[in-house]
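Letter by letter, the sequence shown follows residues 745 to 1175 of the working numbering. Note that beta-carbon positions come from the ideal geometry of N, C-alpha and C, so glycine has one too.
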Amino acid sequence: MKGARATSTQLQTITVCLQTATELGCSRRVLQALVMCITQESSGTPLDHGDTAGPDSCGPFQQRDPWGPRATRLDPAGSTRLFLTVNRGPGVQGWRVVHGSLQNAPTPLSHAINKVQHSQYPDAYAQWEAEAGRTVDAFLQGSDLTLGAAAGAPARYEFQVGGDSSWWDGMGSLAEEVGWRRWASGNTLYFVSDDELRNQAPRVVIDGDEPWITSPIATEIEPRLEAGQATLSVVSGEHPVEVGTVIQVRKGPAVGRWLVASISGDRWDGPEAAVTLTRPQPRLPEPAAERAGGVDVSKPLPDGGRDLVAACRWISDAGGIYELGGGHRGAPIGSLTPGQPLDCSSSTSLALWKAGMFTEATAQVSGWFASSWGKPGRGKDHTVWANGEHVWIELPGVGRFDTSPYGDGGRGPRVRTKPRSTSGFTPRHWT
745 MKGARATSTQ LQTITVCLQT ATELGCSRRV LQALVMCITQ ESSGTPLDHG DTAGPDSCGP
805 FQQRDPWGPR ATRLDPAGST RLFLTVNRGP GVQGWRVVHG SLQNAPTPLS HAINKVQHSQ
865 YPDAYAQWEA EAGRTVDAFL QGSDLTLGAA AGAPARYEFQ VGGDSSWWDG MGSLAEEVGW
925 RRWASGNTLY FVSDDELRNQ APRVVIDGDE PWITSPIATE IEPRLEAGQA TLSVVSGEHP
985 VEVGTVIQVR KGPAVGRWLV ASISGDRWDG PEAAVTLTRP QPRLPEPAAE RAGGVDVSKP
1045 LPDGGRDLVA ACRWISDAGG IYELGGGHRG APIGSLTPGQ PLDCSSSTSL ALWKAGMFTE
1105 ATAQVSGWFA SSWGKPGRGK DHTVWANGEH VWIELPGVGR FDTSPYGDGG RGPRVRTKPR
1165 STSGFTPRHW T
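Set out below in structure tokens:
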């Protein structure tokens, strides 16, 4: 960045900004303008301060108070949405308002950026145009987004199968670790990253009222784009959907690009098929063999937090998959098992119940946690973060328990060490 090796903070910030902008439907030129902007404004970091001209400025885009809440401006995803879509009147209008769409990028790009940013130095962005173009191309082509950062030392990485494990299971585990997908169709095996899949032209564009769709799209869209998931019921044998293809949704809360992750019950089990859609996930680095695995549950935590960590590990180690609605449907909380398909709220319910922090008879939904579980505010040894769409558990000193990968492991309820933004979530604790 700016001709130098990028730090891990810069890499993470730029990746999140580009992921957010891509899901909003930005063209390559608009993505390039975005990278030019944050390069000049903050060197690609979520700065918590401004300068003499704008002491209230903060975040990757150095947005001032009128742009929105400070927490949103500091968050790479939130500030990207402000830069692209906000409309708070003259002087505080995002790219889509100023330029008419997120596909339109007037020339020169530096002046187009400045019509949003209103900088005293409108030409300063231009010096980063070529570098930003290379960054965006690497991102769109699925290349490792290192921006000149030093690569890790080589390390041997091995896996083996045996016992109850098959080659198919082994490939699935490898795919999860690096955020890829694997499936078979028509005697062809596919093993591919979401970055490559995302670059396809949409196979199907839908509004939700097509005759082959039998029910509205159900979503559980989390604040980070990689966490989004949706389900779609279709008429078996009459729909144009295939696993691994891109669907573009034009209307409703699920608007945007989705990947077809799986189709169940299609063509032989009945008149309907269930299609699982996911947002594209970032490609992850292959783990080194020497990296320690798991979480040290024996690490002392205050006020009984160790019990919750152990409960989360109990579920995580079972390796269950994510399933929207899994663990709900009226099943008694004590009947749930750690390896069964669960979603964010049922896995959180089960972990808290196992740790003695949940007294409801059945698993509850995300919005209930935000309003009714425990007490308001953060806890010393645990915090449940929730909103109407997602819930996860923060475990200080350990990591988090979350169904969302967010660059750390595969999908499903897991203990993860990589932190995530709390923007848009309500904190709750037990005692």
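- Close CB contacts of I857 within its chain, under the 7 Å cut and outside five residues either way in sequence, are with A777, M780, C781 and Y869 (chain order).
- Under the Cβ criterion (8 Å, minimum of three pairs), the segment 1060 to 1072 counts as touching the segment 1084 to 1097.
- Under the 8 Å Cβ criterion, the segment 1157 to 1165 does not count as touching the segment 1105 to 1112, having fewer than three qualifying pairs.
- Take the alpha-carbon of W927 and the one of M915: they are about 10 Å apart.
- Looking only at S977, G794, G835 and T829, the smallest Cα-Cα distance to L818 is reached by G794.
- In the structure shown, Y869 adopts helical secondary structure according to DSSP, grouped into three states.
- Cβ neighbours of D792 within its own chain (closer than 6 Å, five residues either side excluded): C802.
- With three or more CB-CB distances shorter than 8 Å, the segment 981 to 997 counts as touching the segment 943 to 963.
- Annotation: S1093 to T1175 spans about 16 Å, alpha carbon to alpha carbon.
- Within the DSSP secondary-structure output, A962 pairs in a beta bridge with T975.
- Shown here, G1143 sits in a strand according to DSSP, grouped into three states.
- Here A874 is exposed: its Cβ has fewer than 16 other Cβ atoms, across all protein chains shown, within 10 Å.
- Counting along the chain, R1001 sits inside the beta strand (DSSP E) bounded by residues G1000 to S1008.
- Counting the other Cβ atoms within 10 Å of the Cβ of T759 gives 16 or more, which makes it buried.
- In this structure, DSSP gives A1107 a state outside helix and strand, which the three-state scheme calls coil.
- When beta bridges are read from the DSSP output, Y1066 appears opposite L1086.
- Per the C-alpha coordinates, the member of P984, A1130 and I991 positioned closest to V949 is I991.
- If you look at L1021, you'll find it isn't in any alpha helix (DSSP H); it sits in the beta strand (DSSP E) that goes E1016 to T1022.
- Within the same chain, Cβ atoms closer than 6 Å to the Cβ of A962 are found at T975, the five residues on either side in sequence being excluded.
- Excluding the 5 residues flanking it on each side, S977 has same chain C-beta neighbours closer than 8 Å at I957, T958, S959, E1016, A1017, A1018 and V1019, in chain order.
- Looking at the DSSP output, R1160 bridges to R1144.
- Per DSSP, reduced to three states, the secondary structure at W1058 is helical.
- W924 is bridged by DSSP to S937.
- In terms of CA proximity to V999, T1022 leads the group T1022, G1074, L884 and N848.
- Taking each of W1002, W1129 and S863 in turn and checking the Cα distance to A797, the smallest one comes out for S863.
- In this chain, the alpha helix (DSSP H) harbouring T829 covers P820 to T829.
- Taking C-beta atoms as the reference points, H1134 and S1148 count as a pair closer than 9 Å.
- Going by DSSP, Q861 is part of no beta strand (DSSP E) but of the alpha helix (DSSP H) stretching over L853 to Q861.
- Secondary structure of V987 (DSSP, three-state): coil.
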